[in-house]
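So the protein sequences, as listed, match chains A and B. Count the first sequence with the numbering used here and you get residues 8 to 374, in order. Count the second sequence with the numbering used here and you get residues 8 to 374, in order. Yeah, the Cβ is synthetic: ideal placement off N, Cα and C, and Gly gets one too.
2 protein chains.
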Amino acid sequence: MQIQLDLPSDLCHFAPKRGVNGVLQQRKRKSPNSAFAADLLAKAQPLTEAVDPFSCVAEELELVEENLTRSVRSAEQTLTDIASHLICGGGKRIRPMVTLLAFKAFGGKKVEDIVDIATAIELIHTATLLHDDIIDGAETRRGKESAYRKFGLKATLVAGDFLFIKAFEFAGKFDETIVQWTADACTRLTEGEILQGFFNRNTEVTVGDYLEIVKRKTASLFQTGAKIGVYLAGASPSLVEEMDQYGLTLGIAFQIIDDVLDVIGHKELLGKPTGMDLRDGNPSLPIILALNAGQQAVAEAFECSHPTDEKIRQAIEAFGQGTAIQQAKALSRTYAEQAFNPVKKLPPSLYRNGLKTLIQLIIERNS
Amino acid sequence: MQIQLDLPSDLCHFAPKRGVNGVLQQRKRKSPNSAFAADLLAKAQPLTEAVDPFSCVAEELELVEENLTRSVRSAEQTLTDIASHLICGGGKRIRPMVTLLAFKAFGGKKVEDIVDIATAIELIHTATLLHDDIIDGAETRRGKESAYRKFGLKATLVAGDFLFIKAFEFAGKFDETIVQWTADACTRLTEGEILQGFFNRNTEVTVGDYLEIVKRKTASLFQTGAKIGVYLAGASPSLVEEMDQYGLTLGIAFQIIDDVLDVIGHKELLGKPTGMDLRDGNPSLPIILALNAGQQAVAEAFECSHPTDEKIRQAIEAFGQGTAIQQAKALSRTYAEQAFNPVKKLPPSLYRNGLKTLIQLIIERNS
């Protein structure tokens, strides 16, 4: 695969500003990097090859992994067991990866800081997965029995709280700006969850409602991770804002593909059965688009509080006859293209290419 | 009621130390108070009357209340409704009160800091109540329908997360020491919940197990609130440790009385029916002591997964024939006496008397 990179025409916005330095001085933990633009330019190589975003930050991801493994240790074995069940159960670590790549692409150096906030973001994500499985009554997660199914509601609920607290331990080390952004992301997550619940099995749901849910429930952690990465690298507020948009649009594209895979994916690759959104009554984008197109089989499965396997099968078959999947994929590509824009403005580096390749990997993935 | 106060024989430990100042300098928010010992002595009046601990810190509690009201506002009305249902539903605010009194008794001045952490502690407490009601399937809380019953499991679970996040927003403003202490308290809460679950309807439970549960599940927030209050007032590490013990022993005494009231209290005053620990299979101290004394009716109600009203009535009657309640009250007095020790070492002040009276109010309460 070949990637065309546009060299940045103007790098003046990389110069550290008085305002930014002011902010940096307030931090408990900070990674100001006054000369990073020049440094980046000096090291920049014209990269034309796609790079594996995982390998770009493999060392840092290993540190996140160590943090995660340490975090799940509790005096109560049950908490350790439940937290490990999910944390050590093969997550993609995409949110920490976005955070790390954004930090490195903007010349961030002090790895211990970014690793801690990347850990916090993954812990928040995992905590919400535990609580989501309770809410959806999920039987499987990441290819195995869900914690909710294996350990029961009560212990899984407490283990979710436990992981939120561990996230707080990591994120609480940072300055008020980062604490506030992280808390805001978490607040949006809860609001997204409530909004999704409101539209559960509700055929009145629109694409606009869907985007509101997804922005809050999925994109907020991508967005906040990217933003914090850039902020900790010492970039200007306008660049922080641009990378916030990268995270937002990447997160939306990611969720749309998740929704599409729930219809057309393979159980073995996904680690969960397909048709889960129909079973749970969650308003996914393909479902909404199929409802808009008047696909009766989809409406019947979506509205039914306990749809039979046959109803689900008929609905999945109906998707094959309509254009909802194609439309959803097209919308995910639109968001992916928007995610490219801020990356194009970066000086060439391995990490910039990692951020670009990540977009492609996300929209082309099959699991 | 007359209270005997012992004037402190030695106040040298109030002088700020190099180590403490070192810590203070790391804080994002700090309230060092270099001359507070002299100031306290100058203002000290020999108080011999009991004082209402609520009125001692009424202004600060009002600020906590304002913070709490602001915190529950969300873009999603359901979250606001659930959070308000409990937050504005008549809690005693004992944990913030302990935090505020400890701060003021040690000469703390910068009220906005202590108010924020006192708010965080009450938010954590409320979040755990929402999740506890799910775990216990509670029908009532604070004299009205529980949020779980009124709004359902899913929304209540998310609202609990929402309040945890709001607590994080408040606590995350402080330095690493406070963040770590708060996170540790929360971790102990979750561990206490798991331990309590392990001993649910389990007649093997001992008084030692009970104390382990209570130290973690109830006392940890009293303890951390008291400790942070003193720390933010700028006291020495040894005084912080002493007030940690105040919170710990007060918290244990508080929980024992809660357990006793669950057997002998009045439904109207408690805001919930009596006998809930027997119904839920929670190992309360009176239940454990009655089990130790071989009280069959108590054992039968405790072990039974769905005890009938008649079984509960018989068990409650059995308590009247044994000494479990008296023994439990005696143990709560022992812990209350231990709570007095650190308070005695304080210089005389309104707040010292507030801390003392609070102990008495807690062990003499009927709701």
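Look at Val267 (chain B): its C-beta is not under 7 Å from any C-beta on chain A.
With a 10 Å radius around the Cβ and a threshold of 16 neighbouring Cβ atoms, Asn348 (chain B) comes out exposed. About 17 Å separates the CB atoms of Arg148 (chain B) and Leu228 (chain B); that is not less than 8 Å, and the two are not in contact. The beta carbons of Gly288 (chain A) and Ile319 (chain A) sit no closer together than 7 Å. Residues of chain B whose Cβ lies closer than 7 Å to the Cβ of Glu200 (chain A) are, in chain order, Val165.
In this structure, the alpha-carbon of Ala178 (chain B) lies about 13 Å from that of Leu75 (chain B).
With a threshold of 16 other beta carbon atoms within 10 Å, Asn360 (chain B) meets it and is buried. Listed along chain B, the residues sitting closer than 7 Å to Thr85 (chain A) by beta-carbon distance are Ile201.
Note on geometry: alpha-carbon atoms of Ala190 (chain A) and Leu160 (chain A) lie some 25 Å from one another.
Taking a Cβ-Cβ cut-off of 7 Å, Ser339 (chain B) has no neighbours in chain A, whose nearest Cβ is about 26 Å from it. Just so you know, the alpha carbons of Thr184 (chain A) and Leu292 (chain A) end up roughly 33 Å apart.
Apart from the 5 residues on each side of it in sequence, Ile220 (chain A) sits with its Cβ closer than 6 Å to the Cβ of Gly199, Leu202, Gln203 in its chain, given in chain order.
Ranked by Cα distance from Arg340 (chain B), the options B:Asp139, B:Glu146, B:Val267, B:Leu357 are led by B:Val267.
Straight through space, the alpha carbons of Asp168 (chain B) and Ser91 (chain A) are spaced by roughly 20 Å. With at least 16 other beta carbons inside 10 angstroms of its own, Gly241 (chain B) counts as buried. In this structure, the straight-line span from the alpha carbon of Ser356 (chain B) to that of Lys111 (chain B) is close to 9 Å.
Cβ atoms of Ile332 (chain A) and Ile271 (chain A) come within 8 Å of each other, at about 6 Å. CA-CA distance, Pro290 (chain B) to Val79 (chain A), rounds to 27 Å. Residue A:Arg208 holds the alpha-carbon nearest to the alpha-carbon of Ala306 (chain A) among A:Ala82, A:Arg208, A:Leu218.
Taking 7 Å as the CB threshold, Glu176 (chain B) lines the interface with chain A.
Scanning A:Ala162, A:Lys157, A:Val237 for the CA closest to the CA of Asp143 (chain B) turns up A:Ala162. Residues of the segment 136-148 of chain B whose Cβ lies closer than 7 Å to any Cβ of chain A, in chain order: His138, Ile141, Ile142. Under the DSSP assignment, Glu198 (chain A) falls in the alpha helix (DSSP H) whose first and last residues are 183-205.
Closest by C-alpha distance to Asp88 (chain A), out of A:Leu107, A:Lys274, A:Ala166, A:Leu136, is A:Ala166. With a contact defined as Cβ atoms closer than 8 Å, Ala260 (chain A) and Tyr358 (chain A) miss out at about 19 Å.
Cβ atoms of Asp251 (chain B) and Gln230 (chain B) come within 8 Å of each other, at about 5 Å. Distances from the alpha-carbon of Ile366 (chain A) to those of A:Ala325, A:Thr194, A:Leu255, A:Gly327 put A:Leu255 closest. Using a CB distance cut-off of 7 Å, Gly204 (chain B) counts as an interface residue toward chain A.
Listed as beta-bridge partners of Lys151 (chain A) by DSSP are A:Arg148. Residues of chain A whose Cβ lies closer than 9 Å to the Cβ of Gln230 (chain B) do not exist; the shortest such Cβ separation is about 16 Å. Taking 7 Å as the threshold, the shortest C-beta distance from Glu183 (chain A) to chain B falls below it.
Annotation: the continuous alpha helix (DSSP H) that includes Ala346 (chain A) extends over 331-351. Taking 7 Å as the cut-off between beta carbons, none of the residues of the segment 271-288 of chain B comes near chain A. For Val247 (chain B), no Cβ of chain A is located within less than 7 Å of the residue's own Cβ.
Among the residues facing chain A, Val212 (chain B) is not included, as its CB has no counterpart in that chain under 7 Å away. When 8 Å is used as the limit between beta carbons, Ala190 (chain A) is near these residues of chain B: Ile172, Lys173, Phe175, Glu176, Gly179, in chain order.
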